[in-house]
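First the structure, in the form of structure tokens, and then the observations on it.
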Amino acid sequence: MVSYKELGLVNTKELFAQAVSGGYALPAYNFNNLEQLQAIIQACVETKSPVILQVSSGARKYANQTLLRYMAQGAVQYAKELGYAIPIVLHLDHGDTYELCQSCIEYGFSSVMIDGSHLAYDENVALTKKVVEYAHQHDVTVEGELGVLAGVEDEVSAETHTYTRPEEVEDFVRKTGVDSLAISIGTSHGAFKFKPGQEPQIRLDILAEIEKRIPGFPIVLHGSSSVPPEYVDLINKYGGKMEAAIGIPEEQLRAAAKSAVCKINIDSDGRLAMTAAVRKVFAEKPAEFDPRKYLGPARDLLKELYKHKNIEVLGSANKA
Numbered sequence: 001m002v003s004y005k006e007l008g009l010v011n012t013k014e015l016f017a018q019a020v021s022g023g024y025a026l027p028a029y030n031f032n033n034l035e036q037l038q039a040i041i042q043a044c045v046e047t048k049s050p051v052i053l054q055v056s057s058g059a060r061k062y063a064n065q066t067l068l069r070y071m072a073q074g075a076v077q078y079a080k081e082l083g084y085a086i087p088i089v090l091h092l093d094h095g096d097t098y099e100l101c102q103s104c105i106e107y108g109f110s111s112v113m114i115d116g117s118h119l120a121y122d123e124n125v126a127l128t129k130k131v132v133e134y135a136h137q138h139d140v141t142v143e144g145e146l147g148v149l150a151g152v153e154d155e156v157s158a159e160t161h162t163y164t165r166p167e168e169v170e171d172f173v174r175k176t177g178v179d180s181l182a183i184s185i186g187t188s189h190g191a192f193k194f195k196p197g198q199e200p201q202i203r204l205d206i207l208a209e210i211e212k213r214i215p216g217f218p219i220v221l222h223g224s225s226s227v228p229p230e231y232v233d234l235i236n237k238y239g240g241k242m243e244a245a246i247g248i249p250e251e252q253l254r255a256a257a258k259s260a261v262c263k264i265n266i267d268s269d270g271r272l273a274m275t276a277a278v279r280k281v282f283a284e285k286p287a288e289f290d291p292r293k294y295l296g297p298a299r300d301l302l303k304e305l306y307k308h309k310n311i312e313v314l315g316s317a318n319k320a
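Right under this line is the structure:
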């Protein structure tokens with residue numbers, strides 16, 4: 001058993017309290033490899049933003065749980081070397097079993113999500129409560145979920161939205177003891193969130209009703225990439241096929257971040273930025289075969305994207 005405190009990490013409790021009172025949201029960026037981690041830490045140090053490093057079940061299989069632990073520990077030291085010791089959370093994204101959450105806690109994660117949203121309500125409550133009881137013994141914070149997001153990301157997929165029912169949130173939070181709640185208000189996983197001609201819109205009215213029922217409680221938005229058209233255009237220009245990729249408008253995310261939403265998950269935008277940069281190098285320099293020469297530009301573009309998100313969308317810059 002490794003405590004996250006030994007790795008220099010923090011849990012989300014204090015950070016969420018500050019975000020709720022300060023009217024901003026913490027960035028929750030997924031990573032699977034070194035370049036993504038470098039970009040996240042560089043962007044957050046340069047903007048003086050706290051950060052939640054997210055690892056999905058798929059990322060854990062891809063990168064190896066032991067390597068991820070040491071990468072997170074290295075990220076803490078790396079931030080100091082870059083000149084600013086930002087608060088860093090290591091969070092399990094979309095944990096789907098008690099055993100997975102338990103394993104992550106034992107490997108040094110400071111925060112876990114248990115996603116029982118696909119289960120019947122009572123089963124979701126029971127599973128979430130079980131994870132909370134174990135996690136809180138180790139001072140690890142827990143995110144639960146009510147409602148189902150459409151779309152596909154890693155091993156999480158659903159055909160259609162099931163919006164969170166505001167009348168259930170008080171009961172769920174009280175019975176489970178969760179520290180934060182992911183809700184479904186129209187955001188979705190992946191890069192194809194809306195159909196062409198459909199106006200991208202998230203249900204801020206549902207968010208407002210939830211906020212009334214559990215005032216001051218930390219709310220989380222998943223599937224909140226904006227799918228910047230400049231990255232989609234670059235990918236398509238250099239041989240990709242990403243027609244009709246549409247995301248959540250940044251102004252709607254800004255509005256959500258000023259309310260009770262204190263954690264916003266962004267993954268697809270980062271994938272798009274890196275892919276665009278790699279495709280550009282391959283198209284312009286077809287003889288290039290040194291991974292540093294194409295992963296370096298991908299990392300640099302990703303850093304600029306995340307700096308923009310912290311400053312212009314989430315409001316987390318200068319909050320570390």
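Positions 1 to 320 (this note's numbering) are the ones given, in order, by the sequence shown.
Positions of the beta carbon are idealized from the N, C-alpha and C atoms, including for glycine.
Residue i and residue j closer than 8 Å at C-beta
i              : j                 : result
valine 142     : valine 112        : yes
serine 57      : aspartate 96      : yes
isoleucine 235 : isoleucine 210    : no
tyrosine 29    : phenylalanine 109 : no
aspartate 179  : lysine 13         : yes
valine 76      : isoleucine 105    : no
threonine 187  : glycine 144       : no
alanine 85     : alanine 79        : yes
valine 10      : proline 87        : yes
cysteine 101   : alanine 135       : yes
Per-residue DSSP class, three states only, for residue i
i                : result
lysine 263       : strand
valine 2         : coil
isoleucine 202   : coil
valine 45        : helix
asparagine 11    : coil
asparagine 32    : coil
glycine 23       : coil
leucine 53       : strand
isoleucine 86    : coil
isoleucine 40    : helix
leucine 92       : strand
valine 148       : strand
lysine 130       : helix
phenylalanine 16 : helix
Inter-residue CB distance, residue i and residue j (contact presumed, cutoff 8 Å)
i           : j              : result
proline 249 : serine 226     : 7 Å
alanine 260 : valine 20      : 6 Å
leucine 314 : alanine 257    : 5 Å
proline 27  : isoleucine 311 : Contact flag wrong, Cβ pair sits at about 11 Å.
leucine 53  : leucine 90     : 5 Å
Neighbour flag for residue i against chain B, beta carbons, 8 Å
i             : result
glutamine 252 : In the structure shown, chain B does not exist; there is a single protein chain.
Residue(s) in a DSSP beta bridge with residue i
i             : result
leucine 221   : Ile183 and Ile264
serine 117    : According to DSSP, serine 117 bridges with nothing at all.
valine 142    : Val112
serine 316    : Serine 316 pairs with nothing; no bridge assigned.
threonine 162 : Val148
beta-carbon residue i near the ligand GDP non-hydrogen atom, thresh 7 Å
i           : result
cysteine 44 : Only the bare structure without any ligand can be found here, which leaves the ligand GDP out of the picture.
### Task
Inspect the CB distances between the segment 300 to 308 and the segment 40 to 47 and report whether three or more fall short of 8 Å.
Touching, yes, given that three or more Cβ pairs across the two stretches are closer than 8 Å.
### Query
Would you call the segment 222 to 239 and the segment 273 to 283 in contact, with 3 or more CB pairs under 8 Å?
Flag = yes, the segment 222 to 239 and the segment 273 to 283 touch.
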